[in-house]
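What follows is a short report on a single structure.
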Amino acid sequence: MGDIEISRMKNYNIFTLPNGLRCVHLRTQSHVAYIGLAVNAGSRDESSDKQGLAHFVEHTIFKGTRRRSSWHVSNRMESIGGELNAYTSKEETLIYTNAPSGHAERAIELLADLVAGSSFPAVEIEKERDVVIEEIHSYQDSPSDSVYDIFDDMLYSGSGIGHNILGTPESVRGLTGTDCRGFIEDFYVPGNMVLYAASPDEERVIERLANKYFGTLHLAGKPKNRQNPPMNRPFSEIIERDGHQAHTIIGARTFGRDDDRRFALFLLNNCLGGPCMNSRLNQELRERRGYVYTVDSSVALLSDAGAILIYFGSDRATVEKCIKIVRRELEKMAESPMKPGVFDKIRRQYAGQLLVSSDHRESMAMSMGKSLLYYNEIHDVEWTTERILSVRPEEVRAMAEMLAPDILSRLTLC
Numbered sequence: 017m018g019d020i021e022i023s024r025m026k027n028y029n030i031f032t033l034p035n036g037l038r039c040v041h042l043r044t045q046s047h048v049a050y051i052g053l054a055v056n057a058g059s060r061d062e063s064s065d066k067q068g069l070a071h072f073v074e075h076t077i078f079k080g081t082r083r084r085s086s087w088h089v090s091n092r093m094e095s096i097g098g099e100l101n102a103y104t105s106k107e108e109t110l111i112y113t114n115a116p117s118g119h120a121e122r123a124i125e126l127l128a129d130l131v132a133g134s135s136f137p138a139v140e141i142e143k144e145r146d147v148v149i150e151e152i153h154s155y156q157d158s159p160s161d162s163v164y165d166i167f168d169d170m171l172y173s174g175s176g177i178g179h180n181i182l183g184t185p186e187s188v189r190g191l192t193g194t195d196c197r198g199f200i201e202d203f204y205v206p207g208n209m210v211l212y213a214a215s216p217d218e219e220r221v222i223e224r225l226a227n228k229y230f231g232t233l234h235l236a237g238k239p240k241n242r243q244n245p246p247m248n249r250p251f252s253e254i255i256e257r258d259g260h261q262a263h264t265i266i267g268a269r270t271f272g273r274d275d276d277r278r279f280a281l282f283l284l285n286n287c288l289g290g291p292c293m294n295s296r297l298n299q300e301l302r303e304r305r306g307y308v309y310t311v312d313s314s315v316a317l318l319s320d321a322g323a324i325l326i327y328f329g330s331d332r333a334t335v336e337k338c339i340k341i342v343r344r345e346l347e348k349m350a351e352s353p354m355k356p357g358v359f360d361k362i363r364r365q366y367a368g369q370l371l372v373s374s375d376h377r378e379s380m381a382m383s384m385g386k387s388l389l390y391y392n393e394i395h396d397v398e399w400t401t402e403r404i405l406s407v408r409p410e411e412v413r414a415m416a417e418m419l420a421p422d423i424l425s426r427l428t429l430c
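Just add 16 to wherever you are in the sequence shown, counting from 1, and you've got the numbering used here.
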């Protein structure tokens, strides 16, 4: 593995404000500053009658504060050539900025104002409600996307994890500004967030700004009520929608993000259906047989549960043939460990992918914030690469063995 260099040059400045807000700053040589808030709250934390609330808050938090109108919020970063944006997942929300260096105070002050002062004006709420409902309809019109949500809903049935992050048109119509402000006060609290910055500013500058604008934030919050999702029985479903193409997911539950076996699972996933043309499933299903246009696999790990998902889009007539090939490839990987030379290439490929992906500065900054949020330390690309390189062939074989045919679930949307 000598051609993969692991650098230890990064110096993260990690500090905690008196109110419990954790902060991390990485001083860079870039001319752009990436600053954001990572919040340990997502669609899983909504009550059953408020589905879509976390995502709706992400949209409407920009629609005005006690000090700023919606226009002034959106213009605050854009007027200097920067950006203000956000996304929501099942367990996290990120509100993030980028801007030319020298504007760290503008970004941090704005983020603090959004958390402490968002007012969710009724007029703006109504306008954004229509936008989100249109987003839901648009998403439902894309079967290659919606098949994942339907699969998750079945895989995690009986828990708060399964439902669509966007909610339903009916649930979104019932959300109010009071609901949004309540979600902020419950979950956007110092102990449940991380302020991150990757910028050329000196450490003392970021520390001073964090204290100045976030040090006075004292929302009490409430404990998260996340219940471990039940282990449901495997399922096999075909949903007819008169589509031109069949969209299939084969998957199974796994462990959560804290499990040390995750590195072997990442390797298995990358070898099986990762982003490269040489993945096993791409070679077998597309290159050799021409059964599919797209095939990939992914791992989605949460705090207490996870899943590996294999997706392919194919003609209806070849769905069952594709499923047999997927199962056969898993069986091959479970029969015996890979030969050392083959396994070394697989590790080297994945390690190289990690290094290439780390060159995207904004993604690196986000990962830094999320790492501190979830692990209370920085698990950067160098940290992860070391663990990938230490995985043994037998560990990957054990992950494939865990995905036996009798625990795999299947959903086809066609």
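Cβ atoms here follow ideal geometry from the backbone N, Cα and C, with glycine treated the same way.
None of the values given here were measured: they were computed from a predicted structure.
For the alpha helix (DSSP H) that contains residue i, what are its first and last residues?
| i | result |
| --- | --- |
| Gly193 | Gly193 to Phe203 |
| Val210 | Segment Met209 to Ser215 is the beta strand (DSSP E) holding Val210; no alpha helix (DSSP H) there. |
| Asn248 | First-last for Asn248: undefined, no H or E at that position. |
| Gly289 | Arg278 to Gly289 |
| Tyr229 | Glu219 to Phe230 |
| Asn244 | No alpha helix (DSSP H) holds Asn244; DSSP gives it neither H nor E. |
| Cys338 | Val335 to Glu351 |
| His153 | Ala138 to Gln156 |
Figure out for me which residue from the options has the closest Cα to the Cα of residue i.
| i | options | result |
| --- | --- | --- |
| Arg145 | Met380, Ser187 and Asp165 | Ser187 |
| Asn208 | Thr400, Asn244, Leu389 and Asn294 | Leu389 |
| Ala70 | Gly58, Thr428 and Ile77 | Gly58 |
| Arg344 | Thr192, Arg277 and Glu300 | Glu300 |
| Asp129 | Ala226, Ser46, His179 and Ala138 | Ala226 |
| Lys143 | Ala132, Asp169 and Lys79 | Lys79 |
| Gly267 | Phe199, Leu427 and Asp360 | Leu427 |
| Gly174 | Pro159, Ser162, Gln243 and Gly198 | Gln243 |
| His75 | Val147, Leu235 and Glu398 | Val147 |
| Asp202 | Ser252, Val131 and Asp258 | Val131 |
| Ile324 | Val342, Asp331 and Val335 | Val342 |
| Asn241 | Pro34, Ser64, Ser425 and Leu419 | Ser64 |
| Met384 | Trp87, Ile51, Glu303 and Phe72 | Ile51 |
| Gly73 | His234, Met418 and Leu182 | Strictly speaking, residue 73 in this sequence is Val, with Gly absent from that position. That would be Leu182, whose Cα lies nearest to the Cα of Val73. |
| Asp4 | Pro421, Leu235, Ala115 and Glu253 | With the chain running from 17 to 430 in the structure shown, residue 4 is simply not present. |
| Thr184 | Lys340, Ser154, Tyr204 and Leu171 | Ser154 |
| Ser330 | Pro353, Arg305 and Val397 | Arg305 |
Mapping the DSSP letters down to three states, classify residue i as helix, strand or coil.
| i | result |
| --- | --- |
| His263 | strand |
| Asp19 | Residue confidence for Asp19 is low, a pLDDT of 48 falling below 50, so the modelled location carries little weight; the figure read from the coordinates is stated next. DSSP places Asp19 in coil when its eight states are reduced to three. |
| Met415 | helix |
| Asn101 | strand |
| Leu235 | coil |
| Leu427 | strand |
| Asn298 | helix |
| Cys39 | strand |
| Ile166 | helix |
| Leu317 | strand |
| Thr44 | coil |
| Thr109 | strand |
| Pro421 | helix |
| Gly133 | helix |
| Ile254 | strand |
| Gly174 | coil |
So, using beta-carbon positions, are residue i and residue j closer together than 9 Å?
| i | j | result |
| --- | --- | --- |
| Leu281 | Thr270 | yes |
| Asn298 | Asp312 | yes |
| His376 | Tyr212 | no |
| Thr113 | Gly98 | yes |
| Ile152 | Leu429 | no |
| Ser215 | Ser46 | yes |
| Thr194 | Ser134 | no |
| Glu107 | Leu100 | no |
| Ala141 | Leu191 | According to the sequence displayed, residue 141 carries Ile and not Ala. Yes, Cβ-Cβ distance for Ile141 and Leu191 is below 9 Å. |
| Pro83 | Asp217 | The sequence given here has Arg at residue 83, not Pro. Not closer than 9 Å, so no. |
The beta strand (DSSP E) that contains residue i, what's its start and end?
| i | result |
| --- | --- |
| Phe31 | Tyr28 to Thr32 |
| Ile51 | Val48 to Val55 |
| Gly329 | Gly322 to Ser330 |
Between residue i and residue j, which are expected to be in contact by the criterion C-beta below 8 Å, what is the C-beta distance as a whole number of angstroms?
| i | j | result |
| --- | --- | --- |
| Val412 | Leu284 | 5 Å |
| Thr264 | Tyr327 | 7 Å |
| Pro245 | Ile177 | 5 Å |
| Pro159 | Arg257 | 7 Å |
Measuring only between beta-carbons, confirm whether residue i sits less than 9 Å from chain B.
| i | result |
| --- | --- |
| Glu336 | Protein chains in the displayed structure number just one, and chain B is not present. |
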